[in-house]
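Undergrad: One structure coming up, written as structure tokens, with questions to follow.
Protein chains: 2
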Amino acid sequence: MARPRSFDPDQTLGALKALFWEKGYEGTSMQDIEAATGLGKQSLYRVWADKRAMYLAALASYARDEVTGLVQMLDGDGPPRARLAALLDGAVAQADRRGCFLCNASLDQAQANPDTQAQVQAMMQMSLAAFTRLAGGDAAKGAALNAGYNGLRGMSAAGLDRAVLRKAADGVLKLLET
Amino acid sequence: MARPRSFDPDQTLGALKALFWEKGYEGTSMQDIEAATGLGKQSLYRVWADKRAMYLAALASYARDEVTGLVQMLDGDGPPRARLAALLDGAVAQADRRGCFLCNASLDQAQANPDTQAQVQAMMQMSLAAFTRLAGGDAAKGAALNAGYNGLRGMSAAGLDRAVLRKAADGVLKLLET
DNA sequence: GTAATTCGTGACCAATCAGTCAATAATGAA
DNA sequence: TTCATTATTGACTGATTGGTCACGAATTAC
């Protein structure tokens, strides 16, 4: 018996994720958020307590979508080498400048906020575990693959040529066959 | 024929580097800078035009110190494997939460500022070239090593256990011997 | 000593920050 | 329809942002 919300919070969360991913926590203002979502502050604050809650929700959304996707790809069907190749090819092909939201969060927010840190570590562990499974349980190989993949995305974010990214991906792929 | 400056800008630059490295551009306020350097705004602004100039100077200082150090270590004496091992051991032992200033800058500032982007790319190229030399000219291997090293530092920044970092370092080291 | 010039300090600026409040609009239950 | 309840809007808050200005202190050239 009350007025219903006129927007879909899940959809708004997508916009929040894109914003924070691109501009970081400090780099995103409430004004940016209002503009990107087309909503007033009050509507937003009614769903999330404050800006930090919006950020954490966006990060959780990233974990749900992207990290889960990564794990599924690594745990998928076919020979391990093909699965890894598909993942790396995707990273090379995308080649956006945003990097990995998770890694960005780790760098600029984790130390400033315990909740963020916990979420980042949990996601990193999931990714690490998936890479280790892919490497047939070889923990060193799994950890190195995880490092290689994250590093590749970092190089992509730095704006390196796609040719270089291609080579890096090839090199990382070889790591699986040692 | 005028009053001399009462502080050493180079020394101040060290404090600026540490600050921006730890907290990022947006996360560092002029108030923080005044506190960390013990100087008033006017003294700072007389040396650097604005906050952005301070950031770029700090980044350049990082390039001069750390990136040059990395390159020298990779180009040093002894068997390549030992040089790489020393670098990786250092990354594992340090295990701080700041990550690589260069990578942080790439992620949160490069897209917002062309000067930063240029500097980041130049440094990344230097690092990449050094890794490729280490790999005996094998571009794919060099790029993968670069990715692995940066990824390792990212994992360190994310706060993963040193044991995991150790394993990742071992895995990356194996990459050299393929 | 004196003039010229730069330095350092603290008050000050408009703009922006995240967040709040009061008033109005819209809805469903009765 | 009426009423209770929630959503939305926009004005507003105090705090903080990066940056400036004016003034007194310090120093060197002469």
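These protein sequence lines are chains U and B, in that order.
Note that our numbering has the first sequence beginning at 2, numbered continuously upward.
Note that our numbering has the second sequence beginning at 2, numbered continuously upward.
Heads up, the beta-carbon is just placed ideally off N, CA and C, and yes, glycines get one too.
Predicted model, so just to flag it, every value in this text is computed and none were measured.
Does residue 42 of chain U pass the burial test, meaning 16 or more other C-beta atoms within 10 Å, or should it be called exposed?
TA: exposed
Undergrad: If you draw a straight line from the C-alpha of residue 8 of chain B to the C-alpha of residue 51 of chain U, how long is it?
TA: 42 angstroms
Undergrad: I'd like to know whether the C-beta atoms of residue 85 of chain U and residue 177 of chain U end up nearer to each other than 7 angstroms.
TA: yes
Undergrad: Assess contact between the segment 53-72 of chain B and the segment 15-24 of chain B, defined as three or more Cβ pairs (one per stretch) separated by less than 8 angstroms. Is contact present?
TA: yes
Undergrad: By the criterion of Cβ-Cβ separation under 7 angstroms, what are the contact partners of residue 179 of chain B in chain U?
TA: 175, 179
Undergrad: Taking a cut of 9 angstroms between CB atoms, which residues from the segment 13-39 of chain B lie near chain U?
TA: 23, 24, 25, 26, 27, 28
Undergrad: Can you grab the Cα-Cα spacing for the pair residue 98 of chain U / residue 121 of chain B, in whole Å?
TA: 13 angstroms
Undergrad: Under the rule that 16 or more other beta-carbon atoms within 10 Å means buried, what is residue 172 of chain U, buried or exposed?
TA: Answer is buried; the Cβ neighbour count reaches 16.
Undergrad: Hey, how far is the Cα of residue 107 of chain U from the Cα of residue 134 of chain B?
TA: 31 angstroms
Undergrad: Give the interface partners of residue 108 of chain U over in chain B, defined as CB-CB distance under 7 angstroms, in chain order.
TA: 100, 105, 108, 158
Undergrad: Buried or exposed: which applies to residue 30 of chain U, given that a residue is buried once 16 or more other Cβ atoms fall within 10 Å of its Cβ?
TA: exposed
Undergrad: Am I right that residue 92 of chain B and residue 150 of chain B are in contact with their C-beta atoms under 8 angstroms? What's the rounded C-beta distance?
TA: 7 angstroms
Undergrad: Which residues, in order along the segment 136-155 of chain B, keep a beta-carbon less than 9 angstroms from a beta-carbon of chain U?
TA: 136, 139, 140, 141, 142, 143, 144, 145, 146, 147, 148, 149, 150, 151, 152, 153, 154, 155
Undergrad: In whole angstroms, what is the alpha-carbon distance linking residue 14 of chain B and residue 39 of chain B?
TA: Spanning the two alpha carbons is a distance of roughly 12 angstroms.
Undergrad: At a Cβ threshold of 7 angstroms, is residue 127 of chain B touching chain U?
TA: no
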